[in-house]
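Residue numbers (the working numbering), protein chains in the order written: chain A, 476 to 553; chain B, 196 to 239; chain C, 837 to 1290.
Built from N, CA and C at the ideal position, the CB exists for glycine as well.
Because the structure is a prediction, the values reported are computed rather than measured.
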Amino acid sequence: MEQIRAGVARAALLEVVPEKVVPVSDAVLVIGGGVAGLQSALDLANQGHKVYLVEQNPTIGGKMSMLDRTFPTDDCSI
Amino acid sequence: MAGTIRAQYPASLRPVRVMCTARVSSDMVMRAFNKGADGVIVGG
Amino acid sequence: MLETQRSTNIELFTLAEVTDLQGYIGNFEVEILQHARYTNQDCNGCGACFDVCPANAPSEFDQGMGPRKAIYTSFAQAVPMQAQIDMDVCIKCGNCEVVCELTAVNFDQQDTKFSVKVGGIIMATGWDEYEPEYGYLGYGKFENVITQLSLERMLAPNGPVVGHLHRPSDGKPPESVLFVQCVGSRDINRNVYCSSGVCCMVSIKNAKLVKGHNPSTEVVVAYIDIRAAGKGYEEYYAASRREGVKYIRSKVGRVREDPKTGNLKVVLEDTLSPDKTIREYEFDMLVLSAAMLPSKTFGKLNKVVNLSKHSSGFLKEFHQRLNTVDTDVPGIALAGACHGPKAISETIMQAKGAASSIGKLLTNGEYRINLIRAISDEEKCSRCGMCAAACPFEAIKITREEGAVVDNILCRGCGLCAAVCPSEAITVRYYRGDQYENLIDAMLEDALKEGGHA
Chain A
476 MEQIRAGVAR AALLEVVPEK VVPVSDAVLV IGGGVAGLQS ALDLANQGHK
526 VYLVEQNPTI GGKMSMLDRT FPTDDCSI
Chain B
196 MAGTIRAQYP ASLRPVRVMC TARVSSDMVM RAFNKGADGV IVGG
Chain C
837 MLETQRSTNI ELFTLAEVTD LQGYIGNFEV EILQHARYTN QDCNGCGACF
887 DVCPANAPSE FDQGMGPRKA IYTSFAQAVP MQAQIDMDVC IKCGNCEVVC
937 ELTAVNFDQQ DTKFSVKVGG IIMATGWDEY EPEYGYLGYG KFENVITQLS
987 LERMLAPNGP VVGHLHRPSD GKPPESVLFV QCVGSRDINR NVYCSSGVCC
1037 MVSIKNAKLV KGHNPSTEVV VAYIDIRAAG KGYEEYYAAS RREGVKYIRS
1087 KVGRVREDPK TGNLKVVLED TLSPDKTIRE YEFDMLVLSA AMLPSKTFGK
1137 LNKVVNLSKH SSGFLKEFHQ RLNTVDTDVP GIALAGACHG PKAISETIMQ
1187 AKGAASSIGK LLTNGEYRIN LIRAISDEEK CSRCGMCAAA CPFEAIKITR
1237 EEGAVVDNIL CRGCGLCAAV CPSEAITVRY YRGDQYENLI DAMLEDALKE
1287 GGHA
C-alpha cells in the first residue's frame, strides 16, 4: 500500500525527460591488431564502415602469429 | 540487490530507489527519521 | 591478416600508438602518434638489406632465442611486408640504403602525429605472458627452464630451431619434459585469478606436440586442476592421455639443477596417490605455463582512455554476466584478452560482439541520450562550487553568469551534486529532491499515525 501511495506521490511531480540526439561519425578506432582487433576490424569493414586500426608493433597478428598450432583443432594459426 | 540475491527482508522495510548512493543526502535521512522511520539503511 | 591489409575500408597504422582521446560517443577525437619506420611504402620486404646489415639484436618474435638484424621484418609473413629499422641497434653504416633497389630506406623519417574522428572505439589490446621472477622454479637461473611462449616458438617450423625441439643448454632433444601449471596464477602471492584454462589447454596441446615429435619422450604435466571447459576440450584432454601424456596432480616444490648434465631435479607431491608420495623426479626440460597478464603497454594507454579496471588488472565490462562486450563508457567496446584471459575461440566471439555493438551505433548514424542529468537553478545557485568539486565525472563548471553549468554528455545523473548542494539549487531530472520528499513522506504516513512504529 505504502509503496503505491509513495509511487503516486512521486509520479505527481514527474516531468517529460528531454532527449539529446548526437550525430555519430561513421568510423571506428580499433586499438590493437591481434586476433581480437583484426576480427572486429574486418567485421566492421565488411559492413561498410571506415576502420582505423592502430597497432604498436611493426606487424599485425599479435600473439597469435607466434603460435604454430592451436587447440583444440591442431591447425595452423596464421 | 536484495532482490537479485533473493535475500529475505522484513515487510516493514520501505525501499527508495536512487540513481547512486551518492544521491542520499543527510536531509533525506533526517526527513525519514522525522516522518517516523526507525532506521535508515543505505545499500548499494 | 592479409585480408585486413587488402580491405579498402581499413586504414592500418603499425608502429603507432594512441596519445590522446577527447569527445564522447559518436564524436571521439583521437590523436595517433605514428613512429618512424625509416623505410617508405616502396619497400616490398625482399630482405636484400637484411643480408648486408652488420648489426644484430635478439628477435622479439622468437622470444629472444634467435637473432634479427637492425633492419628487419618481424617474421616472414609480416603484414605489412615492409622492413623497419631499430634505431637502438642500428650503427648507421648505410649498407641497406646502398643495396636497396627500390630506394625505400630513409634515415630522415620523423615521428608524425595526426588526428582522426571516430564514432566508436574497440579496445583489443591483448595480453602478455607473465614473466616469473628470477629463480622462481629455476626460471632464469637454469637454462632448461623455459616458459610456454618460448616453447611455442621452438615448436614452430618458422621458429629459431625450425620446429625441432632442442633444449637450450646443450641442444640435445629432450627425453623428458615437465609442464608446470598455474605459474603466476591461482597463487595468492602473484595473481589470484585462473587464466581461464588457457594454460591448461596450451599445455595439453604442447604435450601432445612434444609426444608427436618423438613418442618415446616422457611428457608429464604437474597440475592443480585441469580446466578443459570448452567445446571439444575434454575430448582433446582425453586424447592426450591416450597418447601417453602423464598427469600428476601436484604443486611443484623445489627445483634443482644437476650441474653436470643440466637436468632438473624436481620435487613433486603426488596428491592423488594413496600415500601422497613426495618424490624427486629428474627431467631434461621444464616448461612453465605462465599466467596471462594485461598487455604491458596497456597502463600507458589507459592514461589516455581512462577505462575502469577489474581487480585483476584487466578491463572492466559493463556487466559481468549480461553485457561483457561494452564498457561503462558509451561508445567503447571490448574484444579479446584485454578484458580477461581467454582462448582464441572466445576472443573471436567477443570481437564479433564488439563489432556488432559498434556497428549498430554507426549504422544508426545518431545516438539518443535520455537526459536524466543534473540541472541547476541559476537563481538559487550561490556559485559555491561544492557540486563541481564533488562531481566524479568533472561535468560541472561554475560560471559567474549562470552558476553551475552541467555538461549533459559527461554527467551520468548520479546525483552526488544534489546531495552536497547547500542551497538545493542543483538536482537531477526525473529524480528531483521534491520527488524524493514526496516519496518518503507518503511511504511513512502510516508510521507517524502508528506513533513511530514502521
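- prompt: When Cβ atoms are compared, which residues of the segment 845-872 of chain C fall closer than 8 Å to chain E?
  reply: This model lacks chain E altogether, as its protein chains are A, B and C.
field: Buried or exposed by the 16-neighbour rule on C-beta atoms within 10 Å, applied to Arg1204 (chain C)
entry: Locating residue 1204 (chain C) in the third sequence gives position 368, where the first residue counts as 1. It counts as exposed.
- prompt: For Glu1215 (chain C), which of helix, strand or coil comes out of DSSP?
  reply: Counting from one through the third sequence, the residue named residue 1215 (chain C) turns up at place 379. Coil.
query: If we ignore side chains and look at the alpha-carbon of each, how far apart do Ser1076 (chain C) and Met837 (chain C) end up?
result: Residue 1076 (chain C) sits at position 240 when you count from the first residue of the third sequence. Residue 837 (chain C) sits at position 1 when you count from the first residue of the third sequence. Ser1076 (chain C) and Met837 (chain C): Cα-Cα distance of roughly 31 Å.
query: Where are the beta strand (DSSP E) runs, 3 residues long or more, that stay fully inside the segment 1151-1225 of chain C, in chain order?
result: Runs found: 1168-1170, 1202-1206, 1210-1212.
- prompt: At a CB-CB cut-off below 9 Å, which residues of chain C make contact with Asp543 (chain A)?
  reply: One-based indexing of the first sequence puts residue 543 (chain A) at position 68. Ordered by position in chain C, the residues that pass the 9 Å Cβ test against Asp543 (chain A) are Glu988, Arg989, Leu991, Ala992, Pro993, Asn994, Gly995, Gly999, Leu1045.
Cβ neighbours of Ala227 (chain B) in the same chain (closer than 7 Å, five flanking residues each side left out): Position 32 of the second sequence, counted from the first residue, corresponds to residue 227 (chain B). Here the set comprises Val235.
- prompt: Excluding five sequence neighbours on each side, which residues of the same chain lie with their C-beta closer than 7 Å to the C-beta of Thr961 (chain C)?
  reply: Taking the first residue of the third sequence as position 1, residue 961 (chain C) is located at position 125. Taking Thr961 (chain C) as the centre and dropping the five residues before and after it, the same chain places the C-beta of Ser1131, Phe1134, Leu1137, Cys1174 closer than 7 Å to its C-beta, in chain order.
- request: Please decide whether Gly1288 (chain C) counts as near chain B, where near means a Cβ-Cβ distance under 7 Å.
  value: The count along the third sequence starts at 1 and reaches residue 1288 (chain C) at position 452. For Gly1288 (chain C), the predicted structure reports a pLDDT of 45, less than 50, and the residue's modelled location is therefore unreliable. A value from the coordinates is still provided. Proximity of Gly1288 (chain C) to chain B, defined by a Cβ-Cβ separation below 7 Å, is satisfied.
message: Rounding to the nearest angstrom, what Cα-Cα distance links Leu1275 (chain C) and Ile1211 (chain C) in this structure?
response: Position 439 of the third sequence holds residue 1275 (chain C). Position 375 of the third sequence holds residue 1211 (chain C). If you take the alpha carbons of Leu1275 (chain C) and Ile1211 (chain C), they lie about 20 Å apart.
message: Tell me which residues of the segment 1181-1206 of chain C have at least one Cβ-Cβ distance to chain A shorter than 8 Å, keeping chain order.
response: Considering only beta carbons, the part of the segment 1181-1206 of chain C lying closer than 8 Å to chain A consists of Thr1183, Ile1184, Gln1186, Ala1187, Lys1188, Ala1190, Ala1191, Ser1192, Ile1194, Gly1195, Leu1197, Leu1198, Thr1199, Asn1200, Gly1201, Glu1202, Tyr1203, Arg1204, Ile1205, Asn1206, in chain order.
query: Is the Cβ of Gly231 (chain B) closer than 7 Å to any Cβ of chain C?
result: Counting from 1 along the second sequence, the entry for residue 231 (chain B) is found at position 36. Taking Cβ atoms only, chain C reaches closer than 7 Å to Gly231 (chain B), which makes this a yes.
query: With which residues is Ile1060 (chain C) paired in a DSSP beta bridge?
result: Stepping through the third sequence from its first residue, residue 1060 (chain C) is reached at position 224. Note: Ile1060 (chain C) is not bridge-paired with any residue in the DSSP secondary-structure output.
query: Is Leu504 (chain A) helix, strand or coil by DSSP?
result: As a first step, residue 504 (chain A) must be located in the first sequence, where it is residue number 29. Strand, per DSSP.
field: Span of the beta strand (DSSP E), counted from its first residue to its last, around Gln946 (chain C)
entry: On the third sequence, position 110 is the one that residue 946 (chain C) refers to. Per DSSP, Gln946 (chain C) lies in no beta strand (DSSP E) segment and is marked neither H nor E.
- prompt: Using the rule of at least 16 other Cβ atoms within 10 Å of the residue's Cβ for burial, across every protein chain shown, is His1289 (chain C) buried or exposed?
  reply: Looking up residue 1289 (chain C) in the third sequence gives position 453. Unreliable placement is indicated for His1289 (chain C), whose pLDDT of 44 sits below 50; no coordinate value is reported for it.
- prompt: Residues of chain A with CB under 9 Å from Arg1265 (chain C), in chain order?
  reply: Counted from its first residue, the third sequence places residue 1265 (chain C) at position 429. Residues of chain A whose Cβ lies closer than 9 Å to the Cβ of Arg1265 (chain C) are, in chain order, Glu490, Val492, Pro493.
- request: Check whether the Cβ atoms of Gly859 (chain C) and Leu1197 (chain C) lie closer than 7 Å to each other.
  value: As a working note, residue 859 (chain C) is residue 23 in the third sequence. As a working note, residue 1197 (chain C) is residue 361 in the third sequence. Not in contact: Gly859 (chain C) and Leu1197 (chain C) (Cβ atoms no closer than 7 Å).
query: Can you name, in chain order, every residue of its own chain whose Cβ lies under 7 Å from the Cβ of Tyr1029 (chain C), other than the five neighbours on each side?
result: Your numbering for residue 1029 (chain C) matches position 193 in the third sequence. Contacts found: Ser1021, Ser1148.
field: Under 9 Å from the C-beta of Asp518 (chain A): neighbouring residues of chain C
entry: Sequence index remark: in the first sequence, residue 518 (chain A) carries index 43 (1-based). The CB of Asp518 (chain A) comes closer than 9 Å to the CB of Ala1187, Lys1188, Ala1190, Ala1191, Ser1192, Gly1195 in chain C, given here in chain order.
- request: Provide the residue span of the beta strand (DSSP E) that contains Phe886 (chain C), from first to last.
  value: For the purposes of this step, residue 886 (chain C) is identified with residue 50 of the third sequence, where counting begins at 1. Where Phe886 (chain C) is concerned, there is no enclosing beta strand (DSSP E), although the alpha helix (DSSP H) it sits in stretches over 884-888.
task: May I ask you to list, following chain order, the residues of the segment 941-963 of chain C that have a beta carbon less than 9 Å from some beta carbon of chain A?
output: For the segment 941-963 of chain C, the set of residues with a beta-carbon nearer than 9 Å to any beta-carbon of chain A comprises Val952, Lys953, Val954, Gly955, Gly956, Ile957, Ile958, Met959, Ala960, Thr961, Gly962, Trp963, in chain order.
- prompt: What first and last residue would you give for the beta strand (DSSP E) that runs through Asp543 (chain A)?
  reply: Taking the first residue of the first sequence as position 1, residue 543 (chain A) is located at position 68. Careful: Asp543 (chain A) lies outside any beta strand (DSSP E) and carries neither H nor E.
Alpha-carbon to alpha-carbon, Gly995 (chain C) and Pro547 (chain A): The count along the first sequence starts at 1 and reaches residue 547 (chain A) at position 72. The count along the third sequence starts at 1 and reaches residue 995 (chain C) at position 159. About 21 Å.
task: Determine whether the Cβ of Asp501 (chain A) lies closer than 7 Å to any Cβ atom of chain C.
output: By 1-based counting over the first sequence, the position of residue 501 (chain A) is 26. Taking Cβ atoms only, chain C reaches closer than 7 Å to Asp501 (chain A), which makes this a yes.
- request: Just tell me which of C:Glu1202, C:Phe1015, C:Gly974, C:Gly999 has its CA closest to the CA of Ile1062 (chain C).
  value: The residue given as residue 1062 (chain C) occupies position 226 in the third sequence. Looking at the Cα atoms, C:Phe1015 is the closest of the given residues.
- prompt: Is Leu1292 (chain C) helix, strand or coil when you go by DSSP?
  reply: The question about residue 1292 (chain C) has no answer here: the residues shown for chain C are numbered 837 through 1290.
- prompt: What is the DSSP secondary structure of Gln913 (chain C), reduced to helix, strand or coil?
  reply: As a working mapping, residue 913 (chain C) is identified with position 77 in the third sequence. Collapsing the DSSP output to three states places Gln913 (chain C) in coil.
- prompt: According to DSSP, is Ile846 (chain C) helix, strand or coil?
  reply: Here residue 846 (chain C) refers to the residue found at position 10 of the third sequence. Ile846 (chain C) falls in the strand class under three-state DSSP.
- request: May I ask you to list, following chain order, the residues of the segment 206-229 of chain B that have a beta carbon less than 7 Å from some beta carbon of chain C?
  value: Cβ contacts with chain C: Ser207, Arg209, Val211, Val213, Met214, Cys215, Ala217, Arg218, Val219, Ser220, Met223, Arg226, Ala227.
query: chain A partners of Gln1271 (chain C), CB-CB under 7 Å?
result: Against the third sequence, residue 1271 (chain C) aligns to sequence position 435. Those are Arg485, Leu488, listed as they occur along chain A.
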